[in-house]
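Undergrad: In terms of UniProt numbering, the sequence shown opens at residue 1 and continues consecutively. Here it is: the structure, laid out below.
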Amino acid sequence: MLEELAGELDDGCFIEIGSDRGEGSTKFLSDLANRTNRCFYSVDFSVEGYENALATCGSCAYQDMGERWLGMSFEAVSNYSRIALAYLDNYDWTYPWTTEMAYKKQQHVDYASSGLKLSNQKSQEIHLQQAILVERLCSERCFILFDDTWPSASLKHHSGKGGRALSFLLSHGFEIIQQSAPNELSYLGYVLVRRLAEEERPRGSEHREEDDDDDEEEGLDGSIDLQVVRPEEGSLIHGDVLTMDVRLSGVRAGEHSLVFYDEMVERMRVNHWEDMQLSCEEGGNPEDRQKIQPRCYREFPLVMYGVRAGRRLFLLEIIDRKHRSVTNVSRTLTFHPASPEL
């Protein structure tokens, strides 16, 4: 699959988060990078994974958490190259039939010894963190491949390691190039996505996962819109207080929640939309609170105190009643301690 796409890849590096344990992915990607004159990096948090990569490709190997390495090391070690291809296959997924197997019990011990908790929820969170970072570091038409990820029977959402990450990427200019069939065995599941160039993206397009039993009463056009009005991406903020002005449309009480994350840790959750002021552009009807019209929106501030100094990632996510991501938006902001008063 990747061999066939080699001619379509942009200039840039290959990265692998989750070095192989004998499956051959590290050697394959290293060889492909060498044949196409690209840099390659393989990152794993474990000693075993690091030593396997070290034996396969030498200086390509790094022992670290993938999201930390992407956020703190990639630009320096790659001399500010872009990512042309990312293979995200880390933070192991637990299938129901493996929970009592000896190797899975040992994995829990190994993760705990590194201060980590092995769970499917955590696996999805980690892959989402990594996807957000890759999206910012990747080339104009980069590819991202997820293992242990598969589509639902309706093709409306994905499960597995990359489930939440795909919701983010598909709402940020990526499209699915290839994926396993819905009836394929889940442990053989995979999804490959490619970033669309700006001019290729449909205007106003937005990916949304829908409930399998959705009716068409989500609003006039069924769309949900989430915007951060301010601060702008990359802003420098003096002090330790974050005030984020948020604009929302299309959400319904009892149906959707807004979750606010600081460095991927949930800090607050908003559920009671009916208590918030509804504003409408000309022609909208604020009295219709059950079926929010597209020209009506709610705008309100989220305030967080005690933000630590430094560069921080914030994520806002709308989830539905089944806890699936509908849409999200992120901001990377830098906080600087307030100057003492003279």
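Ideal Cβ placement from N, Cα and C applies to all residues, glycine included. Bear in mind the structure is a predicted one, so any value in this text is a computation, not a measurement.
Quick check: the Cα distance between L9 and V303, rounded to an integer number of angstroms?
TA: Their backbone Cα atoms lie some 42 angstroms apart in a straight line.
Undergrad: What are the start and end residues of the alpha helix (DSSP H) that includes I132?
TA: It spans N120 to L137 - the alpha helix (DSSP H) in which I132 sits, taken as one unbroken run.
Undergrad: At which residues does the beta strand (DSSP E) containing F28 begin and terminate?
TA: Looking at the DSSP string, F28 is not in any beta strand (DSSP E); the run it does join, the alpha helix (DSSP H), is S25 to R35.
Undergrad: Can you tell me where the beta strand (DSSP E) holding V241 begins and where it ends?
TA: From DSSP, V241 is part of no beta strand (DSSP E); its letter is neither H nor E.
Undergrad: Using the Cβ count rule (16 or more neighbours within 10 Å means buried), how would you classify G58?
TA: Answer is exposed; the Cβ neighbour count stays below 16.
Undergrad: Classify A61 as buried or exposed, calling it buried when 16 or more other Cβ atoms lie within 10 Å of its own Cβ.
TA: Label assigned to A61: buried.
Undergrad: Closest to R247 by C-alpha separation, out of A165, G49 and E317, would be which residue?
TA: Of A165, G49 and E317, the residue nearest in Cα terms is E317.
Undergrad: What is the rounded straight-line gap between the Cα of I126 and the Cα of E67?
TA: The straight-line gap from Cα to Cα measures roughly 7 angstroms.
Undergrad: Would you identify the three-state DSSP class for V109, choosing helix, strand or coil?
TA: It is helical.
Undergrad: Determine whether the beta carbon atoms of L133 and Y87 lie at a separation below 7 angstroms.
TA: Not closer than 7 angstroms, so no.
Undergrad: Can you give the Cα-Cα distance for L118 and R201, rounded to whole angstroms?
TA: So the two alpha carbons sit approximately 37 angstroms from each other.
Undergrad: Please report how far the alpha carbon of C142 lies from the alpha carbon of V265, in whole angstroms.
TA: Each residue's alpha carbon lies about 28 angstroms from the other.
Undergrad: For a quick check, are the C-beta atoms of S139 and R82 less than 7 angstroms apart?
TA: Yes, the pair counts as a contact, with Cβ atoms nearer than the cut-off.
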